[in-house]
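Below: one structure, written as structure tokens.
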Amino acid sequence: MTSSTLAPPTSGQGAPAREDTASRRTGVLALPEARWAAAALVLFLVALPLQLTGVPAWTWGPLYALTYAVGSWEPGRAGLQALREKTLDVDLLMVVAALGAAAIGQVMDGALLIVIFATSGALEALAIARTADSVRGLLDLAPATAARLTAAGDEETVAVEALAVGDVILVRPGERVGADGRVLDGASDVDQATITGEPLPVAKEAGDEVFAGTLNGTGALRVRVERDASDSVIARIVRMVEEASETKAPTQLFIEKVEQRYSLGMVAMTLAVFLVPLAFGAALTGSLLRAMTFMIVASPCAVVLATMPPLLSAIANAGRHGVLVKSAVVMERLGQTDAVALDKTGTLTEGTPRVTDVRPLAGSGLDEKGLLTLAAAAEHPSEHPLARAVVDAARDRGLTLPAAEDFAATPGVGVTATVDGHEVSVGAPARLSAGAGDPRSARAMMVAGELEDGGRTAVVVIVDGAAAGLLGIADRLRADAGATVSALTVLVGSAPLLVTGDNPRAAARLAAEVGIGDVRAGLLPEHKVAAVRELEEAGRKVLVVGDGVNDAPALAAAHTGVAMGRAGSDLALETADAVIVRDELRTVPAVIALSRRARRLVVQNLVIAGVFIAGLVAWDLIGTLPLPLGVAGHEGSTVVVGLNGLRLLREAAWRRAAE
């Protein structure tokens, strides 16, 4: 256990990645889709109150016209490009539907449709841009330069790309490791949570492996490079995220899967309704009127609204309860989940080490309070995560800590200090030699084994050369973890899979506590992706929940990825399809259930819209459907499906989903 009073990182070697990433995030208005959508929204919000207050149409009419023009520019251009490729997509359909609404006098409705669709496109473009920003920013985790040692023992600063396998680099305290390699000399604690997700720094000494981008503690390390920069673990994470994002099968909304045939069929039928009667001698005016009526009653407005309101209402409701779902497509995909993979640290657990056991040894003359007081006083000058856990535990119990003198920290071993005239050492049992000949040492090692078998990190406290007791430290399980696992098991029909970079013993203990039987531990990011791919190849639609950089490739590769929001890395938050803003794990099964309800409402709405369209079309083809009645029927069906979809905005909808 070591102190974490780190020296300031040298330029390019230990600079925090978050600042660099944030400084080059794509601004919202830097995207043309966002600028057009914002302009359309402003114009609509100016025109709407003018229309509602009854002022002359010449005041608000031009504003609506501009709304149509600027809002339909991006989707219209995309639709025309698709048309040139001989496809008819929803972009062009939306523009045509909005223009059709304006043609029959529903100017405000058409403008609203344009604004909604333009805003949706802007949000999608922003999500793509931010993901690209985070992937680029991930490279900042690895330092730009490294201190390479020459054969003569001299030191030279070189770019990490110039390092070759076999080179030896010096990693000073507080610096990030410049390359994947193996420790030749030195001892330190290395924070490698970005790679493995382990909640605590890992002690490293000669022979241990280290990864590029991980943060060194207070000891100096000489490391032999074993991989080129382009093949480091952090570089492979970047490639995996990019490849998974690009190759992930494009998912469409339910209605988009039939839009091509429906749209082409509607266009063909409209032409037939107009031309066939003409061929048999019908009057031009009557044929044109019948064709116009057919086009109106058969247009996909109600069908489109059958899909979007339930999904958007579900998104809004989930957002009110701390779940940010990034698109309607994601909300639809959530309900298709039939397998779940959960990360451990920061997802099922809080990600912060806490003291769970205080075990004074018989004959030490100390009780729990006395042992914890001495340990916390000795650890107080240290900023190591384990030291912070010990000090926090003492403060939580209201203990008064005496001052520590002659504080010293040995990298990879522990700390020593004088407290109230006693020499106190705190550290890992296997690395502390002080007190090795004490008769209580055997008992101390046995207690340490018990703690470690229980998935805890054992910390021994030695007072005046004799073992006085041990502390057990562990990452605390989230309060709602067990209930969440049970709910997910019921929802998807099988227990979640635990995928973690933590050690197998700690993972197995936690899995048993929450009811998970399938545990994959000690995984690097590529192994997590492999676990997801294995399930997908078996025909499963996998939901992955994680929080760290090491989870990002799996989040990108999964059918749906969900990130924990509070402690989640930038890359995980941007890569994920949904974010749990308040880290309330129990919202995961709730949002899955809400998605399934939204999907049922979509089916209901499609049936309603289909019945209306079929009835009105049959009336128009068989009899004579008056145009005003056709418009009323068409608009009526649109209103009905729209209101039906808005039912998911109610608080009761979330409450039922959570139950």
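For the sequence shown, the residue numbers in our numbering are 359 to 1017.
Note that beta-carbon positions come from the ideal geometry of N, C-alpha and C, so glycine has one too.
As a quick exercise: from G544, R648, A626, P718, pick the residue whose alpha carbon is nearest that of P635. Comparing Cα-Cα distances from P635 to each of G544, R648, A626, P718, the minimum goes to R648.
Among W418, F402, L403, nearest to Q409 - alpha-carbon criterion: Ranked by Cα distance from Q409, the options W418, F402, L403 are led by W418.
My assumption, with CB atoms under 8 Å, is that A699 sits in contact with V939. Please give the rounded CB distance. For A699 against V939, the beta-carbon gap comes to about 21 Å, at or over 8 Å, which does not count as contact.
Between the stretch 674 to 681 and the stretch 859 to 866, do at least 3 Cβ pairs fall closer than 8 Å? The way I'd put it, the stretch 674 to 681 doesn't touch the stretch 859 to 866; fewer than three beta-carbon pairs between them come closer than 8 Å.
How should P407 be labelled, buried or exposed, when 16 other C-beta atoms within 10 angstroms of its C-beta is the threshold for buried? Per the 10 Å Cβ criterion, exposed.
With H679 as the anchor, note down where its alpha helix (DSSP H) starts and where it stops. No alpha helix (DSSP H) holds H679; DSSP gives it neither H nor E.
If you count every other CB in all the chains shown that lies within 10 Å of the CB of L1001, and 16 or more means buried, which is it? Exposure of L1001 is indicated by the presence of fewer than 16 other C-beta atoms within 10 angstroms of its C-beta.
Quick check: the Cα distance between G536 and V748, rounded to an integer number of angstroms? If you draw a straight line from the Cα of G536 to the Cα of V748, it is about 31 Å long.
Rounded to whole angstroms, what's the CA-CA distance from M359 to G827? Just pull it up for me. With a pLDDT of 38 at M359, under the threshold of 50, the modelled position of that residue is not reliable, and the figure given next carries that caveat. Near 16 Å, if we compare the C-alpha coordinates of G827 and M359.
Sort out for me which residues DSSP pairs S852 with in a bridge. Within the DSSP bridge table, the entry for S852 names no partner.
According to DSSP, is S546 part of a helix, a strand, or is it coil? In the three-state scheme derived from DSSP, where H, G and I count as helix and E and B as strand, S546 is classed as strand.
By the DSSP assignment, the beta strand (DSSP E) with R582 in it spans what residues? Taken as a continuous stretch (DSSP letters only), the beta strand (DSSP E) holding R582 covers 579 to 583.
Touching or not, the stretch 572 to 579 and the stretch 538 to 549, by the rule of three or more beta carbon pairs under 8 Å? Yes, the stretch 572 to 579 touches the stretch 538 to 549.
Within 10 Å of its beta-carbon, does G994 have 16 or more other beta-carbons around it, so buried, or fewer, so exposed? Around the C-beta of G994, fewer than 16 other C-beta atoms lie within 10 Å, and the residue is accordingly described as exposed.
Helix, strand or coil: how does DSSP classify R878 here? DSSP places R878 in strand when its eight states are reduced to three.
What residue ranges within the stretch 395 to 445 form continuous beta strand (DSSP E) runs of no fewer than 3 residues, ordered along the chain? Secondary structure in the stretch 395 to 445: no beta strand (DSSP E) run of 3 residues or longer lies completely within the stretch.
Helix, strand or coil, according to DSSP, for T508 in the structure here? T508: coil per DSSP, three-state reduction.
Nearest-angstrom beta carbon gap, D701 and V591 [assumed within contact, 8 Å]: With 8 Å as the limit, V591 and D701 do not qualify as a contact, their Cβ atoms being about 17 Å apart.
From A956 to A664, what does the alpha carbon distance come to, in whole angstroms? Rounded to the nearest whole angstrom, the C-alpha separation of A956 and A664 is 11 Å.
When you compare the CB positions of R506 and E514, do they come within less than 7 Å of one another, or not? Taking 7 Å as the Cβ cut-off, R506 and E514 qualify as a contacting pair.
Closer than 8 Å is the cut-off here; do at least three beta carbon pairs connect the stretch 799 to 807 with the stretch 845 to 860? Taking one beta carbon from each stretch, the stretch 799 to 807 and the stretch 845 to 860 have fewer than 3 pairs nearer than 8 Å; the two do not touch.
Evaluate contact between the stretch 772 to 786 and the stretch 731 to 742, counting only Cβ atoms and requiring at least three cross-stretch pairs below 8 Å. Touching, yes.
Any idea if W416 is buried or exposed, counting beta-carbon neighbours within 10 angstroms, 16 or more meaning buried? Residue burial annotation: W416 is exposed, with fewer than 16 other C-beta atoms found within 10 angstroms of its C-beta.
L470 versus L670 - alpha carbon distance: As the crow flies, the alpha-carbon of L470 is around 15 Å from that of L670.
Grab me the residues of E781's own chain with a C-beta within less than 6 Å of its C-beta, minus the 5 sequence neighbours each way, in chain order. The beta carbon of E781 is closer than 6 Å to those of D822 in its chain, skipping five residues each way along the sequence.
D696 beta carbon less than 7 Å from that of R898: Taking 7 Å as the Cβ cut-off, R898 and D696 qualify as a contacting pair.
Threshold first: 3 residues or longer. Then list the beta strand (DSSP E) segments lying entirely within the stretch 726 to 793, N to C. Entirely contained in the stretch 726 to 793, the beta strand (DSSP E) runs reaching 3 residues are, in chain order, 762 to 768, 772 to 777, 780 to 785.
Would you tell me roughly how many angstroms separate the C-alpha atoms of L692 and A593, rounded to the nearest one? Taking the CA atoms as reference points, L692 sits about 30 Å from A593.
What's the call for A951, buried or exposed, on a 16-neighbour Cβ count within 10 Å? A951 comes out buried.
According to the neighbour-count rule (16 or more other Cβ atoms, all chains shown, within 10 Å of its Cβ), is L855 buried or exposed? Buried, since its Cβ has 16 or more Cβ neighbours within 10 Å.
I820 versus R814 - alpha carbon distance: Between I820 and R814, the C-alpha separation is close to 19 Å.
Taking all protein chains shown into account, decide if G309 is buried (16 or more other Cβ within 10 angstroms of its Cβ) or exposed. The displayed coordinates of the chain run from 359 to 1017. Any statement about residue 309 would go beyond what the structure contains.
If you reduce the DSSP assignment to three classes, tell me which class E567 lands in. DSSP places E567 in strand when its eight states are reduced to three.
Could you check the C-alpha separation between P667 and V998 for me, to the nearest Å? Answer to the nearest angstrom: the Cα atoms are 11 Å apart.
What residue range does the alpha helix (DSSP H) around R801 cover? Its alpha helix (DSSP H) spans residues 799 to 811.
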